[in-house]
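To keep things clear, I will list the structure first and then write my remarks on it.
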Amino acid sequence: MKRVFSGIQPTGEIHIGNYLGAIRNWVKIGEQIGKEAIFCIVDYHAITIPHEAKQLPQLTFDAALANMAAGLDPNKITLFAQSHVREHVELGWVFTTQTPLGDLERMTQFKDKSEQHSILAGLLMYPVLQAADILLYKADTVPVGEDQIQHIELTREIARRFNYRFASESQPIFPEPKASIDKNAARVLGLDGAGKMSKSKGNTIGVLEPQETIWQNIRVAPTDPARVRRTDPGNPDVCVMFAYHKLFSSLENIEMVNTECRRAGIGCVDCKKLLMQGIWQELEPIQAKAAYLQDHPNEVTDALVSGADYCRGIAQDTMLEVREAIGLLPLESRRPS
Ligand code: AQP
Numbered sequence: 047m048k049r050v051f052s053g054i055q056p057t058g059e060i061h062i063g064n065y066l067g068a069i070r071n072w073v074k075i076g077e078q079i080g081k082e083a084i085f086c087i088v089d090y091h092a093i094t095i096p097h098e099a100k101q102l103p104q105l106t107f108d109a110a111l112a113n114m115a116a117g118l119d120p121n122k123i124t125l126f127a128q129s130h131v132r133e134h135v136e137l138g139w140v141f142t143t144q145t146p147l148g149d150l151e152r153m154t155q156f157k158d159k160s161e162q163h164s165i166l167a168g169l170l171m172y173p174v175l176q177a178a179d180i181l182l183y184k185a186d187t188v189p190v191g192e193d194q195i196q197h198i199e200l201t202r203e204i205a206r207r208f209n210y211r212f213a214s215e216s217q218p219i220f221p222e223p224k225a226s227i228d229k230n231a232a233r234v235l236g237l238d239g240a241g242k243m244s245k246s247k248g249n250t251i252g253v254l255e256p257q258e259t260i261w262q263n264i265r266v267a268p269t270d271p272a273r274v275r276r277t278d279p280g281n282p283d284v285c286v287m288f289a290y291h292k293l294f295s296s297l298e299n300i301e302m303v304n305t306e307c308r309r310a311g312i313g314c315v316d317c318k319k320l321l322m323q324g325i326w327q328e329l330e331p332i333q334a335k336a337a338y339l340q341d342h343p344n345e346v347t348d349a350l351v352s353g354a355d356y357c358r359g360i361a362q363d364t365m366l367e368v369r370e371a372i373g374l375l376p377l378e379s380r381r382p383s
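Going left to right, the sequence shown walks through residues 47 to 383 as our numbering numbers them.
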């Protein structure tokens, strides 16, 4: 059976970039018949930048809850926390020993993040652990946002190199997985319009953020800088609000905004109010489900426990193959022949 795998970091509130760029795609895939879908809250990744140890358990739980609220149904997919399956770290180490340093130093995300944070060795190794996450389950499809394409390419390279060194051409151990990108939301812009929406940049719209806070942030968000007065015509192509309309509004409203903004028939506040309606239509049911799960936390915990139990079985089978392939002494007390 084809297997899909993806993960999300519990580094803060899940935002609409995560939701539209990745999670919504996960939900669609999870509903497909004939594909097994595994999704992971990658807490070992979250500690590659400075973190608050006391907050991490709650953040991990909250990320699981937000994903379930956004539509991941544990009856259809498997959801678990990365640290509950220790084989991720074991395979990560094996891959670390096989990965040239130069491959890691050229990763764009490493370069970006090492400008923001002190460089921990784990930050450099991040994509190796990510490769282990994916390949432990021999997943062939990885739904992600555009920012992760380079990491998935490296995962393919790691799989290829491992197969070449330790397996036969006719019986490779790992598949070479492909990224699956939702083209409409591959790179959701941040509220500042300056770059991708990122938890660490504080330019997010949280999926579980109260309606009023979302509105306050949208109300003051920049639009077309050349449109100073209400009577000035605007250019939707350079306005982040229009980019959001394309993600949240009806075709009819998108067309109306596109036409009316250009001839100053609609002002920025009206445009933003209309956008808010579209956003809220999408987020309200998610927030209602989140409120339900907050009242029934056992549903989240049960999903994580049974998800980890299931994944551990797959992961242990893969590690048996890997250990044998790379020449580690078998676990059972046998003398090497
Ligand atoms: N702005 C975005 N547009 C589209 N997809 C996005 N993703 C993240 N931001 C956007 C996708 O969401 C999935 C999980 O993200 P993550 O939290 O594991 O990764 P991230 O890229 O580190 O998220 P942030 O918000 O940008 O966090 P920080 O600021 O900590 O780096 C991934 O599939 C990602 O592509």
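Beta carbons are placed, not taken as given, at the ideal position from N, Cα and C, and that holds for glycine.
When C-alpha distances from K184 are compared across L320, D270, R206 and D316, the shortest belongs to R206.
Look at S246: its beta carbon is less than 7 Å from one of the heavy atoms in the ligand AQP. Of all alpha-carbon atoms in N71, P268, K81 and Q262, the one lying nearest the alpha-carbon of L118 is that of N71. Check the Cα spacing between F107 and each of C307, G58 and Q144: the tightest is with G58.
Remark: the C-beta of G67 is in contact range of the ligand AQP, defined as less than 7 Å to any heavy atom. Excluding the 5 residues flanking it on each side, K292 has same chain C-beta neighbours closer than 7 Å at I300, in chain order. In the same chain as E370, and ignoring 5 residues on each side of it, no C-beta atom comes closer than 6 Å to its own.
Checking the DSSP bridge columns, you'll see G53 partnered with C86. The straight-line gap separating the alpha-carbon atoms of E258 and R265 is approximately 10 Å.
Beta bridge pairing from DSSP links L235 with K242. The residue among T305, P256, P282 and D355 with its C-alpha nearest the C-alpha of I332 is P256.
Going by C-alpha positions, E98 is about 10 Å away from A92. Where V253 is concerned, there is no enclosing alpha helix (DSSP H), because DSSP gives it neither an H nor an E. L320 counts as buried, since at least 16 other C-beta atoms from the protein chains shown sit within 10 angstroms of its C-beta.
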